[in-house]
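According to the UniProt record's numbering, the sequence shown is numbered sequentially starting from 1. The structure appears right after this line, and notes come after that.
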Amino acid sequence: MRFSTTKTTEPDRTLQLSAEQAARIREMTVITSSLMMSLTVDESDLSVHLVGRKINKREWAGNASAWHDTPAVARDLSHGLSFAEQVVSEAHSAIVILDSRGNIQRFNRLCEDYTGLKEHDVIGQSVFKLFMSRREAAASRRNNRVFFRSGNAYEVELWIPTRKGQRLFLFRNKFVHSGSGKNEIFLICSGTESGR
């Protein structure tokens with residue numbers, strides 16, 4: 001592993017990793033994550049948090065902070081999460097993240113633009129009550145239960161009330177795990193206006 005001892009310089013040090021350590025780093029994906037391991041630095045064992053992600057097929061990039069350096073670890077995780085939040089917020093599709101009960105966990109900027117509602121006003125509210133008739137809500141609740149029970153989500157077309165009237169959206173749905181705290185599963189619904 002190549003690293004720099006300061007934030008502003010190119011990597012100037014090299015550490016020999018065990019096969020197991022290298023394998024653990026190679027398992028990291030393109031999504032910012034962290035792992036803890038013990039490295040030998042200047043003939044001393046140092047416990048570190050590695051915070052980073054895969055940047056191409058052969059390289060991982062990120063920061064290594066000593067376990068006792070909590071502010072550095074928190075800062076590194078915060079930067080990674082901030083980037084992810086910005087991607088969701090600025091995406092060119094309407095993104096709504098739902099829990100298993102259909103309650104809104106995220107509502108990106110494009111959703112706000114279409115509906116005139118703000119994310120902070122809809123967080124925790126039922127997507128079924130906010131955007132669907134009773135009949136549509138009943139059908140969507142059934143779909144949602146099937147999604148979560150089977151673990152398979154599929155595309156759905158829905159009429160959504162917008163500031164410019166009813167619009168037909170095609171939602172592509174994908175499951176994700178929370179990644180922190182209690183292991184929860186969320187449904188990411190990424191919608192684009194359907195051309196029909």
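Here a beta-carbon is modelled for each residue, glycine too, at the ideal position from N, C-alpha and C. None of the values given here were measured: they were computed from a predicted structure.
Does the segment 14 to 22 come into contact with the segment 31 to 51, if we say contact requires no fewer than three beta-carbon pairs (one atom in each stretch) closer than 8 Å? Yes, they touch.
Between the C-alpha atoms of residue 111 and residue 123, what's the straight-line distance to the nearest angstrom? Position 111 of the sequence shown holds residue 111. Position 123 of the sequence shown holds residue 123. Cα to Cα, the separation comes out at about 12 Å.
Cβ-Cβ separation, residue 66 to residue 52 (assumed contact under 8 Å), whole Å: As a position in the sequence shown, residue 52 is number 52, starting the count at 1. As a position in the sequence shown, residue 66 is number 66, starting the count at 1. Contact doesn't hold; Cβ gap of about 16 Å is too wide.
Under DSSP, the alpha helix (DSSP H) around residue 101 begins and ends at which residues? Taking the sequence shown and counting its residues from 1, the one referred to as residue 101 is at position 101. Unbroken run through residue 101: none, as it is neither H nor E.
Residue 118 CB to nearest chain D CB: under 9 Å? Of the protein chains in this structure there is only one, and it is not chain D.
May I ask you to list the residues that DSSP assigns as paired with residue 45? Counting from 1 along the sequence shown, the entry for residue 45 is found at position 45. Answer is 40.
Local conformation of residue 16 per DSSP, three classes: Position 16 of the sequence shown, counted from the start, is the residue given in the question as residue 16. The DSSP-derived three-state label of residue 16 is coil.
Residue ranges of each alpha helix (DSSP H) within the segment 98 to 161, 4 or longer: Listed in chain order, they are 109 to 115, 119 to 122, 127 to 131 and 134 to 150.
Looking only at C-alpha atoms, which of 46, 1 and 147 sits nearest to residue 24? On the sequence shown, residue 24 is found 24 positions in, with the first residue counted as 1. The alpha carbon of residue 24 has as its nearest neighbour, out of 46, 1 and 147, the alpha carbon of 1.
Roughly how many whole angstroms lie between the Cα atoms of residue 141 and residue 172? On the sequence shown, position 141 is the one that residue 141 refers to. On the sequence shown, position 172 is the one that residue 172 refers to. Straight-line Cα distance between these residues: approximately 16 Å.
Looking at the strands, I want to know which residues DSSP matches up with residue 166. Translated into positions along the sequence shown, residue 166 becomes position 166. Per DSSP, 161.
Tell me whether residue 185 sits in a helix, a strand or coil according to DSSP, three-state version. Position 185 of the sequence shown, counted from the start, is the residue given in the question as residue 185. Residue 185: strand per DSSP, three-state reduction.
Exposed or buried, what is residue 32 when buried is set at 16 or more other beta-carbons lying within 10 Å of its beta-carbon? Translated into the one-based positions of the sequence shown, residue 32 becomes position 32. With 16 or more other Cβ atoms within 10 Å, it is buried.
9 Å Cβ cutoff met for residue 115 and residue 161: In the sequence shown, the residue the question calls residue 115 occupies position 115. In the sequence shown, the residue the question calls residue 161 occupies position 161. Between residue 115 and residue 161, the gap from beta carbon to beta carbon is short of 9 Å.
Inter-residue Cα distance where the pair is residue 139 and residue 100: Taking the sequence shown and counting its residues from 1, the one referred to as residue 139 is at position 139. Taking the sequence shown and counting its residues from 1, the one referred to as residue 100 is at position 100. When the Cα atoms are used, residue 139 and residue 100 turn out to be separated by approximately 15 Å.
Would you mind reading off the limits of the beta strand (DSSP E) that contains residue 64? What you label residue 64 is simply residue 64 of the sequence shown in a count that begins at 1. Membership of residue 64 in the beta strand (DSSP E) is indicated by the continuous run 60 to 66.
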